[in-house]
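Engineer:
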Amino acid sequence: MVPESSAAAARAAVLARIRQGLARPAALPPRPDFAAPVHPPLPADLAVAFAESFVRVGGVFYYCTSVAHFIGQLGAYLREQQIGRLFAWEPALQNMLYQGQVPFVADETEFLPHADASLTTCEALVARTGSLLVAPATPSGRRLSVYPDQHLVLARPGQVVAEIGDALRLLQARYGAALPSMASLTTGPSRTADIEKTLVLGAHGPRQLVLFLLDDDDAEGAWEAESEDVN
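This is how it looks when you write it as structure tokens:
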């Protein structure tokens, strides 16, 4: 048992330290600079920053120097993944595939039971997060970016913006008052770990997200090409 005198001395020492602390209050933390950016600055080359972020979140990235290069890489990827049906509903993409002799499905034939992969465009690419901004304003609609097992996207460096806010402003500038009925940010393949913390890919959308970034010089002509009969 601790003697009463020792306990009293200990209490007195504690109270003395408390009084000393109150007499010399701690310095206040520095005032935060609310005008300072939250995130570190991005590299000058936003396309490189996007590619790094996109791969970091699980995307598969290809850089294409020309339409012919894109067709070659797309064909190799389809063979490697043993993709039987590639659905493409946008006329400009259909024209490129037709000219490159890449088989595709131009309508909804067997879409539900055999949606192996889709090829679409997108509205913008976000360098900060590696996200794709997708809207159903194109003939691809909503389903081609959500339902197939693999979502393949053709984009160009000129679509890369720094932040999500920049992507939304780009969308507003393009459509004005006639905004699409929805817009979604796709960051990597669909994934969830809700059940027993086990990661599952493809739970709510495509299991694989693949981006082909086509050089702007070649992309401009491809985007403006008129669609042809692709029977």
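Taken in order, the sequence shown gives residues 1 to 231; the numbers are from full-length UniProt numbering. Here a beta-carbon is modelled for each residue, glycine too, at the ideal position from N, C-alpha and C.
If we call anything under 7 angstroms between Cβ atoms a contact, is Thr187 one with Val102?
Structural biologist: Indexing the sequence shown from 1 puts residue 187 at position 187. Indexing the sequence shown from 1 puts residue 102 at position 102. Not a contact, by the Cβ cut-off of 7 angstroms.
Engineer: Taking just the CA atoms, how far does Leu125 sit from Ala44?
Structural biologist: Your numbering for residue 44 matches position 44 in the sequence shown. Your numbering for residue 125 matches position 125 in the sequence shown. Cα to Cα, Ala44 sits roughly 15 angstroms from Leu125.
Engineer: Would you report the Cα separation of Arg17 and Pro40, rounded to the nearest angstrom?
Structural biologist: If you number the sequence shown from 1, residue 17 lands on position 17. If you number the sequence shown from 1, residue 40 lands on position 40. Near 42 angstroms, if we compare the C-alpha coordinates of Pro40 and Arg17.
Engineer: Applying the criterion that 16 or more other CB atoms from any shown protein chain within 10 Å of the CB defines a buried residue, is Leu74 buried or exposed?
Structural biologist: The count along the sequence shown starts at 1 and reaches residue 74 at position 74. That one is buried.
Engineer: Tell me whether Asp33, by its Cβ, gets closer than 6 angstroms to a heavy atom of the ligand ADP.
Structural biologist: With respect to small molecules bound, the structure shown includes none, and the ligand ADP cannot be examined in it.
Engineer: Which word fits residue 280, buried or exposed, when buried means at least 16 other C-beta atoms lie within 10 angstroms of its C-beta?
Structural biologist: As shown, the chain starts at 1 and ends at 231. That puts residue 280 outside it, with no answer to give.
Engineer: How is the beta strand (DSSP E) around Tyr62 delimited, first residue to last?
Structural biologist: The count along the sequence shown starts at 1 and reaches residue 62 at position 62. Note, Tyr62: beta strand (DSSP E), Val60 to Cys64.
Engineer: I need the DSSP call for Gln101, collapsed to helix, strand or coil.
Structural biologist: Working through the sequence shown from its first residue, we reach residue 101 at position 101. Reduced to three states, the DSSP call for Gln101 is coil.
Engineer: Return the Cβ separation of Leu170 and Val153 in integer angstroms, given the expectation that the two are a contact with Cβ distance under 8 angstroms.
Structural biologist: Along the sequence shown, read from residue 1 onward, the residue named residue 170 stands at position 170. Along the sequence shown, read from residue 1 onward, the residue named residue 153 stands at position 153. That pair is no contact at about 16 angstroms.
Engineer: Starting from the C-beta of Ser140, find all residues in its chain whose C-beta is less than 6 angstroms away, skip the five residues before and the five after it, and write them out in chain order.
Structural biologist: Indexing the sequence shown from 1 puts residue 140 at position 140. Hits under 6 angstroms: Trp89, Glu90 and Thr120.
Engineer: Could you pull out every residue in the same chain whose Cβ sits closer than 8 angstroms to the Cβ of Ala225, ignoring the five residues on either side in sequence?
Structural biologist: As a position in the sequence shown, residue 225 is number 225, starting the count at 1. Confidence in Ala225 is poor, its pLDDT being 48 and thus under 50, which makes the residue's placement too unreliable to answer from.
Engineer: Would Pro113 pass as a contact of His151 if the rule is Cβ separation under 7 angstroms?
Structural biologist: Indexing the sequence shown from 1 puts residue 113 at position 113. Indexing the sequence shown from 1 puts residue 151 at position 151. Not closer than 7 angstroms, so no.
Engineer: Can you tell me which of the three DSSP states His39 falls into?
Structural biologist: As a first step, residue 39 must be located in the sequence shown, where it is residue number 39. Looking at His39 - three-state DSSP - the assignment turns out to be coil, as it is neither helix nor strand.
Engineer: Considering only C-alpha positions, which residue in the set Ala155, Ser181, Ala167 and Ala173 is nearest to Val67?
Structural biologist: Counted from its first residue, the sequence shown places residue 67 at position 67. Ranking the options by Cα distance to Val67, first place goes to Ala155.
Engineer: Are Leu42 and Ala36 closer than 7 angstroms when you measure CB to CB?
Structural biologist: By 1-based counting over the sequence shown, the position of residue 42 is 42. By 1-based counting over the sequence shown, the position of residue 36 is 36. Result no, Cβ atoms of Leu42 and Ala36 do not sit closer than 7 angstroms.
Engineer: For Leu15, count neighbouring C-beta atoms within 10 Å of its own C-beta (all shown protein chains included) and say buried if the count is 16 or more, exposed if not.
Structural biologist: Taking the sequence shown and counting its residues from 1, the one referred to as residue 15 is at position 15. Exposed, by the Cβ-count rule.
Engineer: Taking all protein chains shown into account, do 16 or more other C-beta atoms lie within 10 angstroms of the C-beta of Ala178, making it buried, or fewer, making it exposed?
Structural biologist: Indexing the sequence shown from 1 puts residue 178 at position 178. Under this definition Ala178 is an exposed residue.
Engineer: If you scan the UniProt domain "LUD" (112–213) from start to end, which runs of the alpha helix (DSSP H) of 4 or more residues do you find wholly inside it?
Structural biologist: Taking only runs of at least 4 residues, the alpha helix (DSSP H) segments lying wholly in the UniProt domain "LUD" (112–213) are 164–175.
Engineer: Mapping DSSP to helix, strand and coil, what is Leu86?
Structural biologist: One-based indexing of the sequence shown puts residue 86 at position 86. Correct three-state label for Leu86: strand.
Engineer: Is it true that the CB of Ala135 sits closer than 7 angstroms to the CB of Glu123?
Structural biologist: Numbered from its first residue, the sequence shown carries residue 123 at position 123. Numbered from its first residue, the sequence shown carries residue 135 at position 135. In contact: Glu123 and Ala135 (Cβ atoms closer than 7 angstroms).
Engineer: Are there 16 or more other CB atoms within 10 angstroms of the CB of Thr109, so buried, or fewer, so exposed?
Structural biologist: Position 109 of the sequence shown, counted from the start, is the residue given in the question as residue 109. Label assigned to Thr109: exposed.
Engineer: What does the Cβ neighbour count give for Gly21, buried or exposed, with the cut at 16 atoms within 10 Å?
Structural biologist: By 1-based counting over the sequence shown, the position of residue 21 is 21. So Gly21 counts as exposed.
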